[in-house]
Amino acid sequence: MFSNFPPRHRQLLGLSLLAAALSLGACHNPPSSNALPAAPEIASGYRTDMQTRHAGKHMAAAANPLAAEAGREMLRKGGSAIDAAIAMQAVLTLVEPQSSGIGGGAMIVLWDGKAVRTYDGRETAPAGATEKLFLQADGKPMAFPQAQIGGRSVGTPGVLRALEMAHQKHGRLPWAQLFEPAIRLAEQGFAISPRLHTMISADPFLARSPDMAAYFLNADGTPKAVGTLLKNPPLAAVLKRIAEEGPDALYKGPVAAEIVAKVQGHANPGSLSLNDLQGYRAKERAPLCSDYKRWQVCGMPPPSSGGVAVAQILGTLQALEQRDPRYALANLKPQKTNLPAGLEPAPQAVHLIAEAERLAYADRGLYVADSDFVPVPVAGLIARTTWPSVPH
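Under the working numbering, the first residue of the sequence shown is numbered 637, with each subsequent residue one higher.
The structure is reproduced here in structure tokens:
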């Protein structure tokens, strides 16, 4: 639901403060090789036990069942969708630290029953960052691990500020109540999931951080097994402060000071400062909406690239279908339906979607950036007049 962002600004809060709970990659010692793959996360395979679920009143979905259960708990107590999202994000910080956490960024798209609203909590570059941040002394780009590992890649986190803004406008339950499931799990422990185990096993740099090694690895350096109970009292303590004091507990005071000390004091240091943390502001933005057949599809506007890309992809697919009905995805049914992992899509459907994505991502790389600093030609990128020109 939140924060699967590229490793340009990995989640921070990674070392002794939270016992390495929020990031598998933020604060290791800088690597001596280029062994780390460029992809931010490796695949852990398809789950074969997934089932279709239907609900008449409410539903909570998250990347981990413990997080989904926390969201459902809030909904059953009369909470709003935002209340559920906050509870789920707090739990994901604990149980899926490699992908999502309060030390990263978030984009929120909300339908409140009347209108679509979007909240921008994207992490931002520290004020001390320059265009040479990820360049070597000779002007060439750093190897990916050198740029990523350590304090250099840490940005100012925005998750809590965005959640705070959304909760002030759409929350029903008290802020502190939303953190109870995460605090309970951090104190009592949770079982390592297959996904988390896969990520731990694939990270070659965990052993270089004593805190992370103690938390994620056995004494012999092997990853802790699936089902191992992990407890994180330091994270529970920080979450309690956030529950009691609000997001200021993270952006000001002793927690903020320790974050800055870790980032700036690392062997591969970053420039994140107390002023960066204290000055962060989330923003409400106008949603980006476009028409697709009989639906209106709304998403996040820039600086997110998601809304633009989705509008372009759907527009391209619709233009192809209008040009030739054989391209209609509705007519390209899955060819196999009895596979262990589910359905096998038709090759032509995969090809059409992949090509539409390729074109959208090319535009993303050329035109989409932080709209607070550079103009982004959103209207031109998603205009209908651009779709029929797509080549076969």
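Each residue gets a CB set at the ideal place from its N, CA and C atoms; glycine is no exception.
Need the endpoints of the alpha helix (DSSP H) that tyrosine 928 sits in, please.
The count along the sequence shown starts at 1 and reaches residue 928 at position 292. First-last for tyrosine 928: 924–928, but that is the beta strand (DSSP E), not the alpha helix (DSSP H).
Among Arg917, Cys934, Gln914 and Leu913, which one has its Cα closest to the Cα of proline 923?
Locating residue 923 in the sequence shown gives position 287, counting from the first residue. That would be Cys934, whose Cα lies nearest to the Cα of proline 923.
Under 8 angstroms between the Cβ atoms of lysine 860 and leucine 871?
Locating residue 860 in the sequence shown gives position 224, where the first residue counts as 1. Locating residue 871 in the sequence shown gives position 235, where the first residue counts as 1. No.
Note the first and the last residue of the continuous beta strand (DSSP E) segment covering tyrosine 755.
To locate residue 755, count along the sequence shown from 1; it is residue 119. Taken as a continuous stretch (DSSP letters only), the beta strand (DSSP E) holding tyrosine 755 covers 752–757.
Assign valine 1010 to one of two classes, buried (16 or more other C-beta atoms within 10 Å of its C-beta) or exposed (fewer than that).
Locating residue 1010 in the sequence shown gives position 374, counting from the first residue. It is exposed - the Cβ of valine 1010 has fewer than 16 other Cβ atoms within 10 Å.
Tell me the residue span of the alpha helix (DSSP H) that contains leucine 746.
For the purposes of this step, residue 746 is taken as the residue at position 110 of the sequence shown. Unbroken run through leucine 746 is the beta strand (DSSP E), 742–747; no alpha helix (DSSP H).
Helix, strand or coil: which one does DSSP assign to glutamine 932?
The residue you call residue 932 lines up with position 296 of the sequence shown. Strand.
Looking at the structure shown, is phenylalanine 852 part of a helix, part of a strand, or coil, going by DSSP?
The residue labelled residue 852 in the question sits at position 216 within the sequence shown. Phenylalanine 852 falls in the helix class under three-state DSSP.
Would you call the CB atoms of alanine 822 and leucine 730 closer than 8 angstroms?
Position 186 of the sequence shown holds residue 822. Position 94 of the sequence shown holds residue 730. Yes, the pair counts as a contact, with Cβ atoms nearer than the cut-off.
Whole angstroms are fine: how far does the CA of proline 777 sit from the CA of leucine 771?
Within the sequence shown, the letter at position 135 stands for residue 771. Within the sequence shown, the letter at position 141 stands for residue 777. Each residue's Cα considered, the two are about 4 angstroms apart.
Could you give the first and the last residue of the continuous alpha helix (DSSP H) run that contains arginine 788?
Residue 788 sits at position 152 when you count from the first residue of the sequence shown. Neither: arginine 788 is in no alpha helix (DSSP H) and is coded neither H nor E.
Taking 8 angstroms as the limit between beta carbons, can you name the residues of its chain near arginine 921, skipping five residues before and five after?
Stepping through the sequence shown from its first residue, residue 921 is reached at position 285. Around arginine 921: Thr754, Tyr755, Asp756, Met936 and Pro937.
CA-CA distance, histidine 806 and isoleucine 722?
Against the sequence shown, residue 806 aligns to sequence position 170. Against the sequence shown, residue 722 aligns to sequence position 86. Approximately 12 angstroms between the Cα atoms of the pair.
Please determine, among Ser837, Gly889 and Gln958, the residue with the shortest C-alpha to C-alpha distance to arginine 877.
If you number the sequence shown from 1, residue 877 lands on position 241. Closest option to arginine 877, Cα to Cα, is Gly889.
Assign arginine 689 to one of two classes, buried (16 or more other C-beta atoms within 10 Å of its C-beta) or exposed (fewer than that).
Here residue 689 is taken as the residue at index 53 of the sequence shown, counted from 1. Burial call: exposed.
Select from Asp774, Ala773 and Ser789 the residue whose C-alpha is nearest the C-alpha of phenylalanine 1074.
As shown, the chain starts at 637 and ends at 1028. That puts residue 1074 outside it, with no answer to give.
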